[in-house]
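Keeping their order, the protein sequence lines are chains V and H.
Using this note's numbering, read the first sequence as starting at 133 and increasing by one per residue.
Using this note's numbering, read the second sequence as starting at 95 and increasing by one per residue.
Beta carbons: idealized from backbone N, C-alpha and C, even for Gly.
Report on the following structure.
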Amino acid sequence: MSQNEMNTTDLHSPYVPTALYFGDADTVEYVKRDVSCFHRRIDGILTLAYDLKTRELVGFRIKGFKNFFLNHLKPKYRLLDGDFIALVSVLEQALEMVGDTVCSDETRVDAYRKARRMAHDDRVELEPPLAA
Amino acid sequence: MAKVTKLTLAERPVSGTGEWLRFPDAITALAPEDRNQVCAYKIGRDDTLKAARAGRRQPAFQLWSVVLGHPPPVPGVEYRNRPEPNELTSLVEAHACFRGIERPLAEDDEGSNVVAYVLRPKVFYEYTADMVCTATKVTVPPGFVFVAYAKLVEPDGVPRAVRGVLTHWGFVEADEATPELPVNYATRYRVRLW
Chain V
133 MSQNEMNTTD
143 LHSPYVPTAL
153 YFGDADTVEY
163 VKRDVSCFHR
173 RIDGILTLAY
183 DLKTRELVGF
193 RIKGFKNFFL
203 NHLKPKYRLL
213 DGDFIALVSV
223 LEQALEMVGD
233 TVCSDETRVD
243 AYRKARRMAH
253 DDRVELEPPL
263 AA
Chain H
95 MAKVTKLTLA
105 ERPVSGTGEW
115 LRFPDAITAL
125 APEDRNQVCA
135 YKIGRDDTLK
145 AARAGRRQPA
155 FQLWSVVLGH
165 PPPVPGVEYR
175 NRPEPNELTS
185 LVEAHACFRG
195 IERPLAEDDE
205 GSNVVAYVLR
215 PKVFYEYTAD
225 MVCTATKVTV
235 PPGFVFVAYA
245 KLVEPDGVPR
255 AVRGVLTHWG
265 FVEADEATPE
275 LPVNYATRYR
285 VRLW
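Written as structure tokens, this is what we have:
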């Protein structure tokens with residue numbers, strides 16, 4: 133770990149809610165607060181994150197993001213290097229992709245709605261995660 | 095079943111600023127194809143460091159306390175929490191293992207080369223914004239299990255000492271009928287290995 137990393141990872145700086153792309157897990161994750169979470173799998177794309185103590189919805193994960201970004205988001209939105217992506221758009225594109233299979237399942241529809249609402253209300257954006 | 099081992103004293107980190115992000119290079123687990131054998135996984139540290147840089151400490155604290163079996167090495171952790179021997183789990187104590195996560199992971203379209211280790215911790219450490227000590231030991235609420243995922247590097251090749259990379263981990267709801275396993279385990283994973 134470099135000195136720079138050590139300096140930026142102290143234990144007392146506040147958490148600023150941010151959408152992050154995790155390359156090893158190939159997910160984009162957003163949580164409102166840095167609390168202990170449990171994750172509820174909705175389908176192969178979406179997982180919701182709940183506070184382990186209060187069971188309040190605190191975030192979501194979009195899984196398999198690399199493939200999704202390269203094949204669906206980057207061409208459609210004509211993203212340039214440095215452009216930020218609104219997660220609302222990501223969720224809408226994901227919903228469009230899974231389409232009819234979601235619409236027949238009210239639980240899944242509701243989960244996508246909740247994630248989209250959070251992304252909208254919190255104005256969640258993601259820095260382009262992939263150089264490709 | 096293979097002998098259960100945790101971090102040796104020499105491997106255990108020294109508490110102090112920054113030490114909580116110095117993870118071991120690898121961790122021991124039971125082999126996915128045979129729980130009587132052990133193997134090792136590299137720890138994918140980049141994601142955890144990225145989260146930490148954004149001020150998210152819970153993933154690192156869960157890695158330490160549920161996967162590595164050690165309280166997060168932060169100042170004051172022992173004074174505040176009075177850790178007891180063997181109260182934490184580590185990856186090698188997983189009681190179930192599945193393969194295939196039924197979703198893409200990078201170039202793996204169906205996550206078929208991903209294994210999921212299931213643990214059932216009683217306590218773990220979470221981050222708390224506290225001037226004295228930022229790690230607090232808490233009891234896992236009933237109805238949850240912990241799953242750690244590893245991506246196999248050469249899934250169809252000759253088994254190696256290091257089988258892959260530990261990529262992510264976290265709590266999930268337990269199955270009502272089989273509470274030692276994740277909810278919907280029959281559909282969320284492709285196959286149960288043991």
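Mind pulling the chain V residues with CB within less than 7 angstroms of H:L199?
D158 and G196
Examine the Cβ distances between the region 137-145 of chain H and the region 167-181 of chain H and report whether three or more of them are shorter than 8 angstroms.
no
Can you tell me whether H:N207 is buried or exposed? The criterion is at least 16 other CB atoms within 10 Å of its CB, across all chains shown.
buried
If you draw a straight line from the alpha carbon of H:P236 to that of V:L223, how long is it in whole angstroms?
32 angstroms
Please identify the residue among H:F240, H:G170 and H:I195 whose C-alpha is closest to the C-alpha of H:P215.
H:F240
From the DSSP output, read off the bridge partner residues of V:R172.
V:L180
DSSP-derived helix/strand/coil call for H:N207:
coil
Locate the beta strand (DSSP E) running through V:L152, then write down its first and last residues.
L152 to F154
Three-state secondary structure assigned by DSSP to V:A263:
With a pLDDT of 43 at V:A263, under the threshold of 50, the modelled position of that residue is not reliable, and no figure is offered here.
Where the alpha helix (DSSP H) through V:T239 begins and ends
E238 to D253
How should V:K195 be labelled, buried or exposed, when 16 other C-beta atoms within 10 angstroms of its C-beta is the threshold for buried?
buried
Determine, for V:V148, whether the minimum Cβ-Cβ distance to residues of chain H falls below 8 angstroms.
yes
Say whether chain H places a C-beta atom closer than 8 angstroms to the C-beta of V:V167.
yes
The region 168-187 of chain H: which residues have C-beta closer than 7 angstroms to a C-beta of chain V, in chain order?
V168
Check each residue of the region 138-150 of chain H: if its Cβ is closer than 8 angstroms to any Cβ of chain V, include it; give the result in chain order.
G138, D140, D141, L143, K144, A145, A146, R147, A148, G149 and R150
To the nearest angstrom, report how far apart H:F265 and H:A229 are at their CA atoms.
18 angstroms
What first and last residue would you give for the alpha helix (DSSP H) that runs through H:A146?
R139 to R147
Report yes if the C-beta distance between H:V160 and H:L213 is below 8 angstroms; otherwise report no.
yes
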